[in-house]
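What follows is a single structure, written as structure tokens, with notes after it.
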Amino acid sequence: MERPELDPLALTRCKTMALVDLPTVDYLRWAPMLRSAFGTDDIYPQDLIKLACPGYVLGLFNRGSLPRVTDLLNYLLFRIVTALSPFMANATLRDATSRAYASHADSPPPTPRQLCIRLLDRFEPVVPMYLAANASLAYLGAEGDVQDLLEGHLQMVFEKYVDEFFKSTGEFRTSALQGLRDMAWDLVRPIAMEDESFRRQYLDGLYANMPMSPLAYFYYFWLKKSVSRQRRGFGSSSAASSQGGEQQLWAGWSGGFLSAFPRLEPPFRRLEVPLPVFNMALGDDPSVRHLQIPRVAPRVYGALLRFLYHGALNANGNLTDASEDAAAMFQRVRACVEEQYAPLRSSSEASGGSTSVQDMLDVLSVVPAFEAYRAYLTADFRLMTAADLNSRQLFFVYYAASHCADETVAPLRGRSPARLRVNGPLRNMPEFAEAFKCPVGSFMNPTKVCAL
């Protein structure tokens, strides 16, 4: 999903092989490894698989290219040590290995408390999310009101947007709308944890069944159990059950509680909306709840548009009743944005090719977000502290504020700097130019805009 445009190309170049025909490696058993990775027993040596990179896998036939078992074990030990770095008493060593939890390469070393929170976010996010769910929801206001804003209002506006802009794409429009309607939106915690039966199974023996001495055993088995619970396999495998193994349960989330962006992962049935997606400064005041939309809606819609872009690329050429190709519509906007942003980048910034997908999603997502904001308001709204800004201008101000960032820190991979993520989408919106009376042909109101 990070590079959706590569998926269809990779699939067309796949080589199909049976598991039994894969290279024989002394310390690797393909079927058991895949059963463990996917959390299912329904994988057998005769099953066919597609290899997106067959050259690498087939190269394992050359034993000279294989790492030694001792090297693999040393690397595994190194990864375990870095994962457990929050527990190190030696501050110098802890700071050195804490880079594994840093957001940026040049970030200052996190404090021990920050490290522990990040460790939980990576390995055991479900339990803290469930325990903090009531407090998190209370912080945003009444759960029903916030849920109505998300699933009621934002979802309805986005479906109308898809229905209108993809009307000429035939089957793609139909399948896209159905996929959106089948999708659940989980607010600040996995909704599966609200089911008492599932919760009891998930929490049963979470820590009690692990060895407490020596302490290294506890950490090893805790990491092992935590990783297994993040897999997408539901229920218990027959092999595990027959050997007295624990039931492997997945709560439905692939991300954690610290992300400021929603997450939508295959099989695209559940949109994860962690608490930091919201503007925490607004609190639970219902009179300014609409000001959540400039921050929340573009992020939610960006995730949904990435899902649609992914689907359009995979459906390219397979739709029979479309007068227009949805993938081509996306690609036109992407090419337009890449061309428009090129002269705005500094020489030290990443090329537009590596960020053009996210740039396109930024440009497209703010359009339905503004419509959701406009439709949510029943009258003009002004803040006492900014009385000269009308309600429409406030949308764009709060949208810009949601991208506030330290320009001296490099942006995350695949994302443009904050100034481009703000000015880029807004200069492609006639509504922005109208709200702030930007002259035609000025920087923020160019004669050529990028849009579907």
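If you read the sequence shown in the working numbering, its first letter stands for residue 8, the second for the next number, and so on.
For each residue, glycine too, the CB sits at the ideal point set by N, CA and C.
Asked: Taking Cβ positions, are Val340 and Pro432 nearer each other than 8 Å?; Found: no
Asked: Taking 8 Å as the cut-off, does the stretch 86 to 102 touch the stretch 52 to 61 (at least 3 CB pairs, one atom from each stretch)?; Found: no
Asked: Compare the beta carbon distance of Asp413 and Glu279 with 8 Å and say whether it is the shorter of the two.; Found: no
Asked: Using a Cβ distance threshold of 8 Å, determine whether the stretch 183 to 193 contacts the stretch 272 to 286, with at least three qualifying pairs required.; Found: yes
Asked: How many Å lie between Ala96 and Pro119 at the Cα?; Found: 9 Å
Asked: Taking Lys231 as part of the alpha helix (DSSP H), name the residues at either end of that continuous run.; Found: Leu222 to Arg236
Asked: Start and end of the beta strand (DSSP E) containing Met24?; Found: Lys22 to Ala25
Asked: Would you mind sorting His297 into buried or exposed? The rule is 16 or more other CB atoms within 10 Å of its CB.; Found: buried
Asked: Assess, as a yes-or-no matter, whether the stretch 305 to 316 is touched by the stretch 370 to 380 under the definition of 3 or more beta carbon pairs within less than 8 Å.; Found: yes
Asked: Which residue's Cα is closest to the Cα of Phe268: Asp211, Val234, Ile198 and Gln365?; Found: Gln365
Asked: Taking the DSSP output, what are the residues bridged to Lys167?; Found: Paired residues: none, contrary to the question.
Asked: Tell me, please, whether the stretch 282 to 302 touches the stretch 142 to 149 by the rule of three or more beta-carbon pairs shorter than 8 Å.; Found: yes
Asked: Give the DSSP-derived three-state secondary structure of Arg270 in the structure shown.; Found: strand
Asked: What ranges does the alpha helix (DSSP H) occupy inside the stretch 98 to 143, keeping only unbroken runs of at least 4 residues that lie completely in it?; Found: 98 to 104, 119 to 130 and 133 to 138
Asked: Going by the CB atoms, is the gap between Leu311 and Phe450 shorter than 8 Å?; Found: no
Asked: Specify the secondary structure class of Asp152 as computed by DSSP and reduced to three states.; Found: helix
Asked: Candidates Phe388, Gly259 and Tyr168: which alpha carbon is nearest Tyr209's?; Found: Gly259
Asked: Taking 6 Å as the limit between beta carbons, can you name the residues of its chain near Arg206, skipping five residues before and five after?; Found: Met200
Asked: Using CA atoms only, rank isn't needed, just tell me which of Glu131, Thr99 and Phe377 is closest to Arg196.; Found: Glu131
Asked: Determine the burial state of Gly448: buried for a count of at least 16 other Cβ atoms within 10 Å of its Cβ, exposed for fewer.; Found: exposed
Asked: Suppose you measure from the CA of Val27 to the CA of Met40; what does that come to, to the nearest Å?; Found: 13 Å
Asked: So, using beta-carbon positions, are Phe224 and Pro218 closer together than 8 Å?; Found: The identity of residue 224 in the sequence shown is Tyr, whereas the question assumes Phe. Taking 8 Å as the Cβ cut-off, Tyr224 and Pro218 qualify as a contacting pair.
Asked: For Arg277, which beta-bridge partners are listed by DSSP?; Found: Ala191
Asked: Can you look up Ala393 in the DSSP assignment and give me helix, strand or coil?; Found: strand
Asked: Please check the pair Leu265 and Arg101, which I expect to be a contact at CB under 8 Å, by giving their CB distance rounded to whole angstroms.; Found: 19 Å between Cβ atoms; not a contact.
Asked: To the nearest angstrom, how far is the alpha carbon of Gln501 from that of Leu271?; Found: Given a span of 8 to 459 for the chain in the structure shown, any question on residue 501 remains unanswerable.
Asked: Let me check understanding here. Comparing Cα to Cα, which of Asp113, Ile50, Thr99 and Leu35 lies closest to Leu79?; Found: Leu35
Asked: Roughly how many angstroms separate the alpha carbons of Asn81 and His111, rounded to a whole number?; Found: 26 Å
Asked: Where Trp37 and Ala142 are concerned, what is the direct C-alpha to C-alpha distance, given to the nearest angstrom?; Found: 45 Å
Asked: Between Leu29, Phe377, Asn397 and Leu157, which has its C-alpha nearest Ala386's C-alpha?; Found: Asn397
Asked: In the DSSP output, what is Leu35 paired with across the bridge?; Found: Val32
Asked: Beta-carbon within less than 8 Å of Arg426's beta-carbon, same chain only, minus the 5 sequence neighbours each way: which residues are those?; Found: Glu414
Asked: Could you tell me the distance, in whole angstroms, from the CA atom of Lys444 to the CA atom of Phe314?; Found: 35 Å
Asked: Just checking my contact of Asn435 with Cys411 at CB under 8 Å: how many whole Å lie between their CB atoms?; Found: Between Cys411 and Asn435 the Cβ distance is about 21 Å, and since that is not below 8 Å, they are no contact.
Asked: Could you tell me the boundaries of the alpha helix (DSSP H) in which Leu79 lies?; Found: Val76 to Ala90
Asked: Pull up the distance between the alpha-carbon of Phe172 and that of Asp332, whole angstroms please.; Found: 12 Å
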